[in-house]
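Here's the structure we're looking at; comments come further down.
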Amino acid sequence: MFTNPIRRCPARSHFNLLLLILFMWPAFASFADTLPRYQSGNMTLQSNDANGQAALHVLTDADVQINGVLVNVTYRQIFKNQSNGPVNGVYTFPLPDKAAVTHMTIRTGSRVIEGIIKPRQEARRLYRDAVVQGKRAALTEQQRPNLFTQQVSHIAPGESIEVTLQFLDIAEFRRGEFSWRLPTTLTPRYMPGVDMNSRESEAPATTGYADPAALFPPFILPGSGKTNPLALTISLNGGMPLTSVYALYHDIDLTRQNDKFTITLKEGHSEMDRDFVLRWLPAPSAEPVAALFTEQSGDDYFSLLMVMPPAITQPQTLPRDITFVIDTSGSMQGQSIIQAKSGLITAIDKLKDTDLFNVIAFSDRFSLMFAEANIATPPARQAARQWVNQLQADGGTQMVPALTAAFAQNPRNERLHQVVFITDGAVGNEAELFSLISNFAGTSRLFTVGIGSAPNSYFMHKAAQAGRGTYEFIANPQDIAPQMNSLFAKLNHSAAKNIQPGWPEDAEVYPANTPDLYLNEPLLSFASTKTPVSSVTVSGETASQLWSQTLTSSDMPEGSGAGARWARQKIAHIEDEGRIGSLSEEKVKDQVTAVALQHSLLSRFTSFVAIDQSPVTYENSPRPPLRLRVANQLPQGMSHQQLQYPQTATTAELTLWLGILCIVAGLALLFWQRIKVR
Numbered sequence: 003m004f005t006n007p008i009r010r011c012p013a014r015s016h017f018n019l020l021l022l023i024l025f026m027w028p029a030f031a032s033f034a035d036t037l038p039r040y041q042s043g044n045m046t047l048q049s050n051d052a053n054g055q056a057a058l059h060v061l062t063d064a065d066v067q068i069n070g071v072l073v074n075v076t077y078r079q080i081f082k083n084q085s086n087g088p089v090n091g092v093y094t095f096p097l098p099d100k101a102a103v104t105h106m107t108i109r110t111g112s113r114v115i116e117g118i119i120k121p122r123q124e125a126r127r128l129y130r131d132a133v134v135q136g137k138r139a140a141l142t143e144q145q146r147p148n149l150f151t152q153q154v155s156h157i158a159p160g161e162s163i164e165v166t167l168q169f170l171d172i173a174e175f176r177r178g179e180f181s182w183r184l185p186t187t188l189t190p191r192y193m194p195g196v197d198m199n200s201r202e203s204e205a206p207a208t209t210g211y212a213d214p215a216a217l218f219p220p221f222i223l224p225g226s227g228k229t230n231p232l233a234l235t236i237s238l239n240g241g242m243p244l245t246s247v248y249a250l251y252h253d254i255d256l257t258r259q260n261d262k263f264t265i266t267l268k269e270g271h272s273e274m275d276r277d278f279v280l281r282w283l284p285a286p287s288a289e290p291v292a293a294l295f296t297e298q299s300g301d302d303y304f305s306l307l308m309v310m311p312p313a314i315t316q317p318q319t320l321p322r323d324i325t326f327v328i329d330t331s332g333s334m335q336g337q338s339i340i341q342a343k344s345g346l347i348t349a350i351d352k353l354k355d356t357d358l359f360n361v362i363a364f365s366d367r368f369s370l371m372f373a374e375a376n377i378a379t380p381p382a383r384q385a386a387r388q389w390v391n392q393l394q395a396d397g398g399t400q401m402v403p404a405l406t407a408a409f410a411q412n413p414r415n416e417r418l419h420q421v422v423f424i425t426d427g428a429v430g431n432e433a434e435l436f437s438l439i440s441n442f443a444g445t446s447r448l449f450t451v452g453i454g455s456a457p458n459s460y461f462m463h464k465a466a467q468a469g470r471g472t473y474e475f476i477a478n479p480q481d482i483a484p485q486m487n488s489l490f491a492k493l494n495h496s497a498a499k500n501i502q503p504g505w506p507e508d509a510e511v512y513p514a515n516t517p518d519l520y521l522n523e524p525l526l527s528f529a530s531t532k533t534p535v536s537s538v539t540v541s542g543e544t545a546s547q548l549w550s551q552t553l554t555s556s557d558m559p560e561g562s563g564a565g566a567r568w569a570r571q572k573i574a575h576i577e578d579e580g581r582i583g584s585l586s587e588e589k590v591k592d593q594v595t596a597v598a599l600q601h602s603l604l605s606r607f608t609s610f611v612a613i614d615q616s617p618v619t620y621e622n623s624p625r626p627p628l629r630l631r632v633a634n635q636l637p638q639g640m641s642h643q644q645l646q647y648p649q650t651a652t653t654a655e656l657t658l659w660l661g662i663l664c665i666v667a668g669l670a671l672l673f674w675q676r677i678k679v680r
């Protein structure tokens with residue numbers, strides 16, 4: 003008669019079972035590490051309903067008004083619930099990094115509710131209370147100056163809620179051409195040291211942000227179609243004759259009436275997988291050299307100055323060192339690394355025989371091509387081409403060691419040291435990097451080259467600003483030659499320096515310290531005064547001459563929001579002061595909050611919240627709303643395999659195999675004991 007051996011020998015069997023568990027524990031831990039997690043560089047894909055359809059969609063409609071360099075945008079997001087039950091939605095989305103978000107409303111059926119600006123924590127509390135009370139509500143928060151989250155509550159099955167944002171922006175004028183960029187998705191971010199699974203996980207103090215999870219939304223698999231489509235209408239009044247209007251990465255329809263243009267997408271809608279970039283070229287006789295606009299708001303006057311310094315015709319002759327830094331992390335796989343390597347090789351080909359150069363490649367570690375900078379002889383350039391061609395994209399994005407090594411290449415002698423940094427900027431620790439650049443760049447100049455269809459433009463701009471350089475973007479192969487030519491034109495010419503806009507003595511001006519300007523770049527200056535500004539004289543110097551120019555003020559177009567534009571610049575200045583240690587984090591918070599509340603601006607410390615006071619009742623829906631994250635589309639050229647690039651180098655694979663061996667050994671031991679008992 004069979005007798006259960008466990009009953010016959012309980013102590014020994016329990017000991018064996020405990021021993022088996024101890025043996026198996028490393029495998030369990032390793033297996034847990036392989037499960038999908040919210041972790042830096044490890045994105046999730048969107049959840050579908052039982053029929054395989056995305057449960058929550060967002061349709062985006064942008065209505066853009068451009069007058070000269072002033073851009074006003076009405077940005078509608080329609081959240082549509084296609085599931086069988088109520089949902090609360092969360093959507094992470096990008097906007098231009100210099101945008102000033104001034105209004106938010108929600109529409110539910112025929113009701114329109116105006117959003118109010120509140121300190122961030124208070125806005126969150128109001129939103130949470132509304133959700134608990136069964137009310138429709140929306141909460142708009144800033145995670146980075148170019149990255150935001152939208153939360154919407156109590157969307158009934160088959161219904162929609164429309165959230166409308168209004169924001170202000172400024173078109174760029176570079177190389178004799180205007181442009182405006184609207185980002186539509188984000189490249190998955192990498193944040194060193196942040197594990198999104200940990201209950202105690204918080205953003206490092208250096209990030210300056212308390213919600214790192216917002217940087218890691220789910221993503222839609224390529225080929226899923228226009229799940230979150232974009233519609234776009236642009237009214238362009240250049241204020242001067244134009245010879246060309248075109249979009250870099252989209253097919254458009256163009257309607258012209260005199261010197262005004264209406265631009266729409268040719269197919270009506272576009273996938274939100276790449277930045278929309280519009281460019282317009284003034285007629286040669288109408289190319290702008292200066293503009294001064296003033297607007298009164300309450301008791302204050304706000305002014306915007308744009309001026310183009312004289313063209314610099316003579317290249318600089320100082321000997322120089324150039325350190326190229328190329329990002330080879332996992333987010334750069336696909337078209338991005340191809341474009342980055344092609345751009346770097348183009349740059350190497352442009353070196354002079356008198357230049358010294360080196361190349362640094364980095365992912366979760368970095369490597370130098372040469373132990374020290376080499377003269378750019380033909381053999382050295384050929385060796386560099388071969389070294390660059392063999393680079394592959396993989397791993398995390400550890401920028402700090404690579405940038406530190408690049409700045410250490412500075413010879414600290416009479417040679418000019420320039421660092422060219424080629425990356426998609428897919429990091430979440432921007433503030434830490436800006437601080438490093440400000441503190442360690444020394445006399446070096448940092449020039450950033452943004453790669454890919456959805457680069458982190460905020461990082462590109464601010465890193466170049468901190469390094470007293472400038473930036474370019476490359477999204478398509480046809481961009482490589484013109485953008486690298488433009489970059490080297492700036493590298494080869496000295497900047498316009500000591501630029502002084504002659505504002506009245508009582509003016510509060512931003513940028514507070516006027517930066518040097520590189521070839522074909524204008525000065526933008528914002529001022530607040532107590533009396534109207536009738537004229538401003540701007541002076542400066544180039545390598546060959548001193549110059550000055552007097553500008554007469556004109557009225558700003560109606561509704562241009564000069565005060566909000568100035569306030570946005572002031573907030574950026576306060577944040578910069580905090581990054582370099584001139585202001586404590588507490589003072590940064592207090593000052594930014596005060597400015598943002600006064601001018602009704604979204605910021606790191608202020609948010610918009612809108613609440614429909616009528617509670618929602620659901621028919622035939624016994625469960626409470628599910629919280630769903632709306633999936634973003636992967637940037638064009640990326641594949642879903644790139645969502646798994648590692649946070650750091652780990653021993654997970656080794657641990658897994660050891661765990662499996664432990665399981666086998668434990669089972670064998672238990673089996674042997676059972677036979678022995680019998």
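Sequential numbering from 3 applies to the sequence shown in this note's numbering. Even glycine gets a Cβ: it sits at the ideal position worked out from N, Cα and C.
Checklist entry - Could you give the residue range of the beta strand (DSSP E) that holds V60? => result Residue mapping note: residue 60 aligns to position 58 of the sequence shown, counting from 1. According to the DSSP assignment, V60 belongs to the beta strand (DSSP E) that extends over 58-69.
Checklist entry - Rounded to whole angstroms, how far is the Cβ of V154 from the Cβ of G91, which I believe are closer than 8 Å? => result What you label residue 154 is simply residue 152 of the sequence shown in a count that begins at 1. What you label residue 91 is simply residue 89 of the sequence shown in a count that begins at 1. About 5 Å; that satisfies the 8 Å criterion.
Checklist entry - Could you give the uninterrupted runs of the beta strand (DSSP E) lying entirely in the segment 243-287, keeping only those of 3 residues or more? => result You should have 244-249, 254-259, 262-267, 278-284.
Checklist entry - Excluding sequence positions up to five away, which residues of its chain have a Cβ less than 6 Å from the Cβ of M486? => result Here residue 486 is taken as the residue at index 484 of the sequence shown, counted from 1. Cβ neighbours of M486 beyond the five flanking positions: G345, T348, A349.
Next on the checklist: Our contact map puts Q388 next to F364 with C-beta atoms below 8 Å; I'd like the distance itself, whole angstroms only.
Outcome noted: Numbered from its first residue, the sequence shown carries residue 388 at position 386. Numbered from its first residue, the sequence shown carries residue 364 at position 362. Actually they are not in contact, since the Cβ atoms of Q388 and F364 sit about 19 Å apart, beyond 8 Å.
Checklist entry - What's the call for V71, buried or exposed, on a 16-neighbour Cβ count within 10 Å? => result Looking up residue 71 in the sequence shown gives position 69. Using a 10 angstroms sphere on the CB of V71, the tally of other CB atoms reaches 16 or more, which defines it as buried.
Next on the checklist: Beta-carbon within less than 6 Å of L238's beta-carbon, same chain only, minus the 5 sequence neighbours each way: which residues are those?
Outcome noted: Sequence index remark: in the sequence shown, residue 238 carries index 236 (1-based). Listed in chain order, the non-local C-beta contacts of L238 below 6 Å within the same chain comprise I68, F263, local neighbours out to five positions each way being set aside.
Item to check | C-beta contact flag for A64 and D171 at 9 Å | outcome: Within the sequence shown, residue 64 is the residue found at index 62, counting from 1. Within the sequence shown, residue 171 is the residue found at index 169, counting from 1. With respect to the 9 Å criterion, A64 and D171 are not classified as neighbours on the basis of their beta carbons.
Checklist entry - What does a CB cutoff of less than 6 Å around D302 pick up in its chain, not counting 5 residues either side in sequence? => result Along the sequence shown, read from residue 1 onward, the residue named residue 302 stands at position 300. Counting only Cβ-Cβ distances below 6 Å, and skipping sequence neighbours, we find S530.
Item to check | C-alpha gap between R258 and K492, whole angstroms | outcome: Here residue 258 corresponds to residue number 256 of the sequence shown, with the count starting at 1. Here residue 492 corresponds to residue number 490 of the sequence shown, with the count starting at 1. Roughly 35 Å between the two C-alpha positions.
Checklist entry - Does the distance from the CB of T104 to the CB of F150 come in under 9 Å? => result Against the sequence shown, residue 104 aligns to sequence position 102. Against the sequence shown, residue 150 aligns to sequence position 148. Remark: C-beta atoms of T104 and F150 do not approach each other more closely than 9 Å.
Item to check | Alpha-carbon spacing of A395 relative to I328, whole angstroms | outcome: Here residue 395 refers to the residue found at position 393 of the sequence shown. Here residue 328 refers to the residue found at position 326 of the sequence shown. Computed Cα separation, rounded: 10 Å.
Checklist entry - Under three-state DSSP, which class holds G332? => result For the purposes of this step, residue 332 is taken as residue 330 along the sequence shown, with counting starting at 1. In the structure shown, G332 sits in a helix (DSSP, three-state: H, G or I).
Checklist entry - Which ranges does the beta strand (DSSP E) cover as unbroken runs of at least 3 residues, wholly within the segment 149-188, from first to last along the chain? => result Segments of the beta strand (DSSP E) lying fully in the segment 149-188: 149-157, 162-172, 174-176, 179-184.
Checklist entry - Touching or not, the segment 429-440 and the segment 119-133, by the rule of three or more beta carbon pairs under 8 Å? => result Fewer than three beta-carbon pairs drawn from the segment 429-440 and the segment 119-133 are found closer than 8 Å, and the two stretches are therefore not classed as touching.
Item to check | Rounded Cβ spacing between G427 and N458 (contact assumed at less than 8 Å) | outcome: To locate residue 427, count along the sequence shown from 1; it is residue 425. To locate residue 458, count along the sequence shown from 1; it is residue 456. Contact between G427 and N458 holds: CB atoms are separated by about 3 Å, below the 8 Å threshold.
Item to check | Close-in-space but distant-in-sequence residues of the same chain around N412 (CB under 8 Å, 5 per side omitted) | outcome: Counting from one through the sequence shown, the residue named residue 412 turns up at place 410. Excluding sequence positions up to five before and after N412, its CB lies within less than 8 Å of the CB of D323, H419, G444, T445, S446, all in the same chain and listed in chain order.
Next on the checklist: According to DSSP, is T595 part of a helix, a strand, or is it coil?
Outcome noted: Counting from one through the sequence shown, the residue named residue 595 turns up at place 593. DSSP places T595 in the helix class (H, G or I) of the three-state scheme.
Checklist entry - By Cβ distance, which residues of its chain are closer than 7 Å to P442, with the 5 residues on each side in sequence left out? => result The residue labelled residue 442 in the question sits at position 440 within the sequence shown. The sequence given here has Phe at residue 442, not Pro. Once the five neighbours on either side are set aside, the close Cβ partners of F442 are T406, F409.
Checklist entry - Helix or strand or just coil, what does DSSP make of P637? => result As a working note, residue 637 is residue 635 in the sequence shown. P637 falls in the coil class under three-state DSSP.
Checklist entry - How big is the Cα-Cα spacing for Q145 and L604? => result The residue labelled residue 145 in the question sits at position 143 within the sequence shown. The residue labelled residue 604 in the question sits at position 602 within the sequence shown. Between Q145 and L604, the C-alpha separation is close to 10 Å.
Item to check | CB of G332 within 9 Å of CB of G398, strictly | outcome: Along the sequence shown, read from residue 1 onward, the residue named residue 332 stands at position 330. Along the sequence shown, read from residue 1 onward, the residue named residue 398 stands at position 396. In this structure, G332 sits near G398, with a CB-CB distance shorter than 9 Å.
Next on the checklist: Quick check: the Cα distance between A456 and T533, rounded to an integer number of angstroms?
Outcome noted: The sequence position of residue 456 within the sequence shown is 454, counting from 1. The sequence position of residue 533 within the sequence shown is 531, counting from 1. C-alpha separation (whole angstroms): 42 Å.
Checklist entry - With distances taken between CB atoms, is the gap from V540 to L307 smaller than 9 Å? => result Along the sequence shown, read from residue 1 onward, the residue named residue 540 stands at position 538. Along the sequence shown, read from residue 1 onward, the residue named residue 307 stands at position 305. Result yes, Cβ atoms of V540 and L307 sit closer than 9 Å.
Next on the checklist: Can you tell me where the alpha helix (DSSP H) holding S459 begins and where it ends?
Outcome noted: Taking the sequence shown and counting its residues from 1, the one referred to as residue 459 is at position 457. Per DSSP, the unbroken alpha helix (DSSP H) holding S459 starts and ends at 459-468.
Checklist entry - Under 9 Å between the Cβ atoms of D355 and T379? => result Along the sequence shown, one-based indexing puts residue 355 at 353. Along the sequence shown, one-based indexing puts residue 379 at 377. Taking 9 Å as the Cβ cut-off, D355 and T379 qualify as a contacting pair.
Checklist entry - Where do the ends of the beta strand (DSSP E) carrying I115 lie? => result Here residue 115 refers to the residue found at position 113 of the sequence shown. 113-116 is the span of the beta strand (DSSP E), which, as asked, contains I115.
Checklist entry - By Cβ distance below 8 Å, which residues in the same chain neighbour R417 in space, the five residues on each side in sequence not counted? => result By 1-based counting over the sequence shown, the position of residue 417 is 415. L320, P321, R322, D323, L358.
Next on the checklist: DSSP has W389 in a bridge; who is on the other side?
Outcome noted: The residue you call residue 389 lines up with position 387 of the sequence shown. W389 is not bridged by DSSP to any residue.
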